[in-house]
Every structure is written in structure tokens, then in C-alpha cells.
Amino acid sequence: MCGIIGIMGTGKASSELYNGLFAIQHRGQNGAGMYVYDGEKRRLHKGPGLVGEIFNKHILDDLKGSSGLGHVRYPTIGSDTGRDAQPFVVYDPVEIAMVHNGNIVNVDQLADEMEVQLESECDLEVILTLFSQELKKEESVTEESIFSAVGRTMDRLNGSYSVVAFMPDIGMLMFRDPHAIRPMVYGGKISLDGVSYAVASENIVLDILGYEIIRDLRGGEAILVRDDKSVVKRQVRKSEPRHCMFEWVYFARTDSTIEKTNVYEARLRLGKELAKVWKKKNRDLDVVVPVPDTARTYALAMAEELNVPFREGLLRNRYIGRTFIMPDQTSRETAVRTKLNPIIEEVKGKRVALVDDSIVRGTTSKKLVELMRRAGAKEVHFFIGCPPIRSPCYYGIDMPTKHELKASHNTVDEICKEIGVDSLTYQTMEGLINGLKRDIKHLCTACLNEDYPTQVREDIRQYFAGKREKEREIVSAQESSIT
Ligand code: SF4
């Protein structure tokens, strides 16, 4: 998962990109980058780390331009170093800078077929190389040839991709995979600088920068904002929407609206759906406590529906970020405690409803429950906003391999016993659909039921499982070398 922004024709693109990247920092904390163009010169700055660590006033002043691209990186595959940070740029047949959000399932096969030496492990390099190769097959670079090249690129890509590209003196191009798995929305504004356009992963970027939302891009659609600011839209491949349900459940910012469904409102409805399941069990609760931050909205609605007090029984240390290093085994054990601390007065002697968005491996859930028990909770009833996650995601959410996913090989009773709770209430599939108010036909729910929107062959599953295991070994070796 990553966050992308494209800006075309504004006063100072770098300051808009900088503010916009901060707004979507939640979509990736491992790297960030920016490409800007001022009509003559182009500038690129990127690296590993948070937006605030990579850019400073001096760098931003140097990034002069009226158009550009921005990116925050969340690695599913690839390294943590600056090598895989986006944007990427090629210069043949024309200069093309590009960013994307998603994950290409057949990345390895395409890399082999293209017969070029790739410089990174980032799947964007494959998309960009493929698109430039398709563009090279055209007689000249025109609006029509760009759309044709996008179509042929889409035909070869398997996976999720929301892409923004900038071609100096030609324009800004955006396109989204036919299943529209990852979000992408564009808008425009009129200011003293004239008309400008922006596209981003989430509408909050456009809201903050004063752009009026035009609409979400359709699956299989490409839009070119030409150099003269005229806009050309083309449905280059058939739209077959299968939006990722996890964007509403966990990933997107609570104040975002995706495909016209507000994330906050969706999470409130999901909380109410959880309460409905609990009502059938006919048991009493004294307090509803969220695991901050996503589950707060679920818990709020649940408490309201059950008429049970909502309390902040767990507080997050907001200053712990990705730079937090666990120097030894002992402190690794207490990592959860360092990040989250219970308010004993709110849970002691009480029947606590602890609410979280999802269970992945179950290790964090177990530690959270232990925290509640040590704080004196009389009973701990665990509520999960999402149905059981049983299969890995191949479209950009970093999940462990199937055998590491707790719900893939354990029943609810077994999980309940292992994490040490008095009861475990998962969201139902029906509750999920009601909460998101969407037709299941148009959602990706593959990590719940293995109904993948694109073909994911067994050898590809093995390939990704192997890569993830290898990367975890590297991370663990790096952690041990710190001790
Ligand atoms: S598999 Fe799950 S996380 Fe991945 S895109 Fe589908 S719904 Fe989203």
C-alpha cells in the first residue's frame, strides 16, 4: 500500500505535494519522494523515511515547479532503502515520471519477458518500463497513442495499480486497474494561477489543498490532463470494480470518502453490526474499550447501540513511530506495552468489550488481552470489526503467509482460547456488506474468502510467500545485530 499525488498547473507544486503527502502519510512510512517540473527543468528528490525526515525548507525551495508527483511508500515487496522509493523516471521515447499504489502479481514474469536490467525490486519500475515500451511501438506520442499504450499495458499487468505519470510538455496521465482495487480520486480548482488539477489516493488530499472533487477514476479508465489543461478521458478497458474492503475497514483515513462511501460512517455502521451479533448472545458488558486508533469508531457505535459506556481504556504513545527500535528480546516483549498502556481505573473489576479492527497473526491480540487482564478486567470479550482474515493479500496490503494467519487454520473457539479471552465476536460477512453498503460483487474480499479478482496461480502464491519469508529473515537478522 502506498499513497500517490499528482498536481498539474498550480503556483507551487512542491508545497502542495508536501502538504498532501503529510495528509496521506498513514498510507506508507518507509519512503517518500517528489518530482516537479517548472516548464524547463525537472527535479527529483526521494529517499527512505517519513515525509518530514526527507524534505526540509531548503529542499522544498529547490523543488521549483508548477506540476509534479508525490509518493509515500509502504513496502509489500522490495527493500526499505531509498532504491525502491518513488517516483521513477525514464527518458525514452519521452520523459515519463511515474508513481503508483498497488501491487503487480505477475511482476517476476513481466520482468523476465521485458528483457531489461531492472534497477530495483519495486513493481513500479515494471509498470513504467512496460508503458514506455508500449509507447515506443507507436509512430509518435499523441493523445491516441498514449491511450493505446495504456490499454496494452493494462492487458499485461495482473494486479492492482492506481498510476499517475507526468510527461513534460505533454501532460499528466492517470489510470486505474480494471478492478479499481486501490482508491484514486481527482479534482480541480480555479485560483490566481488559473485552472489546476490534482489526483490522489484519498480525497482528503484534495480537500486540504482546496481542490473540488470531480470523481473517483473508474476501473480501466485513463485520463490525460494536457499541457494546455484540457482534459481527455478514455475508458481504455472494461470497468469491473472490485474495491478493496480493507480500505474502509482499516487502511484509509477515517475522514476520507472512497467511492462515495465515507470511511467514518462505514466504520460506525460496522460497529453497529458487531453490536447486533452481540445482542443475540444475550450477555452483559460494563464498558466498551477500543484498541486505538482505527477501532475507536467501531467501539463508539457499538457502545451506543448496546447502551454500554464507551471509555478510552487503552492509551497510545503517539510519539512512537517507525523509528522505534526494540533493542533486545526483553524490550521486544514489552513493545506492545510501550505503545499502549491501560487506564486501570476504567477496566479494573469490569466486564470489558475490547474492540479491534482485525486479527492477523494473533500475537498482538494476545498481548492486548494480557494488558487488560493485568489491569484487573474481570472478563475480556474481544470484538473484531472485520470477518476472519484467512488468506494473504496480493494487491498491496502486507500480510503474512497463509499459515501465519491465525484464522486460516484455527476455529473461533481455538483463537479465543489461545489469546485468552472470555468470548470472541467477529464481524459477519453480512455485517461487512451492510456496513459498507456495497454489493459484494463489487468488492474484493479475497483475504476473507479467497475470491481473488485476478488470477493468482499457485506458483505466484509460492513466489510471494518465499519473498516475504526472506525479507522477514533479513529484518530479524538486522534486529539481532542491534543487540
Ligand atoms: S485481498 Fe483483502 S486486503 Fe487485499 S485487496 Fe482484497 S480485500 Fe483488500
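All residue numbers for the sequence shown refer to this note's numbering, where the first residue is 824 and numbers rise by one. All C-beta atoms, glycine included, are put in the ideal place defined by N, C-alpha and C.
Own chain residues within Cβ distance below 6 Å of residue i, not counting five before or after
i     : result
T1146 : In this predicted model, T1146 has a pLDDT of only 48, less than 50, meaning its place in the structure is not dependable; the value taken from the coordinates is given anyway. Contacts found: none.
D1109 : K1173, R1174
L1129 : A1098
N929  : N981
V973  : F998, A1045, V1059
F845  : V874
E1169 : R1134, G1136
E1202 : R1174, D1245
Q909  : G856, H894, V922, L947
R1041 : S1062
Chain-order list of residues whose beta-carbon lies under 7 Å from that of residue i (same chain, five-residue window excluded)
i     : result
N842  : I1031, L1032
L886  : S837, M857, V859, R866, H868
D1274 : T1268
P1210 : Y1249, Q1250, T1251, M1252, L1255, L1271
Q1301 : A caution first: Q1301 carries a pLDDT of 48, below 50, which makes its placement in the model unreliable, though a value can still be read off. Cβ within range, chain order: n/a, list empty.
E961  : S968, S971, A972
N926  : T899, D946, G982, S983, Y1217, Y1218, G1219
Start-to-end residues for the alpha helix (DSSP H) that takes in residue i
i     : result
D1236 : 1235-1242
K1190 : 1186-1197
S837  : 836-846
L1271 : 1269-1272
Three-way DSSP call (helix, strand, coil) for residue i in this model
i     : result
F878  : coil
L1255 : helix
L1163 : strand
D1282 : helix
L958  : helix
T1084 : strand
T1306 : Residue placement at T1306 is poorly supported in this model, since its pLDDT is 28, which falls under 50; the coordinates are not used for a value here.
D935  : helix
V928  : coil
V1183 : coil
E863  : coil
V1072 : helix
T1120 : helix
G854  : strand
A1308 : As displayed, the chain neither begins before 824 nor continues past 1306, which places residue 1308 out of reach and without an answer.
E1035 : strand
C825  : coil
M921  : strand
I1263 : helix
T1146 : With a pLDDT of 48 at T1146, under the threshold of 50, the predicted position of this residue should be treated as unreliable, though the coordinate-derived value follows. It is coil, neither helix nor strand.
A1176 : strand
V1028 : helix
H1232 : coil
G1289 : helix
L1091 : helix
L1129 : helix
K1171 : coil
L873  : coil
G905  : helix
V1100 : helix
For residue i, the first and last residue of its enclosing beta strand (DSSP E)
i     : result
A1021 : 1017-1023
S1246 : 1246-1249
L1137 : 1137-1139
K1056 : 1054-1058
H1204 : 1202-1207
H811  : No information on residue 811 is available, as it lies outside the stretch 824 to 1306 that the chain covers here.
V1114 : First-last for V1114: undefined, no H or E at that position.
Residues of its chain near residue i, where Cβ-Cβ distance is below 8 Å and the 5 sequence neighbours each way are ignored
i     : result
S955  : V913, D915, P916, I919
R1213 : K1225, L1228, A1230, S1231, C1270, L1271, N1272, E1273
D907  : G854, R896, P898, G901, S943, E944, C945
G994  : M831, L1047, V1048, R1049, D1050
R1139 : P1115, D1116, K1162, L1163
TODO: May I ask you to verify whether the segment 951-965 touches the segment 911-927, counting CB pairs closer than 8 Å and requiring at least 3?
DONE: The answer is yes - the segment 911-927 touches the segment 951-965, with three or more Cβ pairs under 8 Å.
Task: Continuous beta strand (DSSP E) assignments of at least 3 residues falling wholly in the segment 937-1015 - done: Counting whole runs of 3 or more residues, the segment 937-1015 contains the beta strand (DSSP E) stretches 982-990, 994-999, 1008-1014.
Open item on the list: I'd like to know if the segment 1016-1032 and the segment 1077-1093 are in contact, where contact means that at least 3 CB-CB pairs between them fall below 8 Å.
Closed with: Counting Cβ pairs under 8 Å, three or more are found: they touch.
- [ ] Decide if the segment 1244-1254 is in contact with the segment 1197-1208; the criterion is three or more beta carbon pairs, one per stretch, under 8 Å apart.
- [x] Touching, per the Cβ criterion.
Open item on the list: So, does the segment 998-1009 touch the segment 1062-1071, judging by three or more C-beta pairs under 8 Å?
Closed with: Yes, the segment 998-1009 is in contact with the segment 1062-1071.
Task: Cβ pair count under 8 Å reaching 3, the segment 1101-1119 against the segment 1176-1190 - done: Short answer: they touch.
Open item on the list: Taking 8 Å as the cut-off, does the segment 1186-1198 touch the segment 1160-1173 (at least 3 CB pairs, one atom from each stretch)?
Closed with: The segment 1160-1173 makes contact with the segment 1186-1198: 3 or more CB pairs, one atom from each, lie closer than 8 Å.
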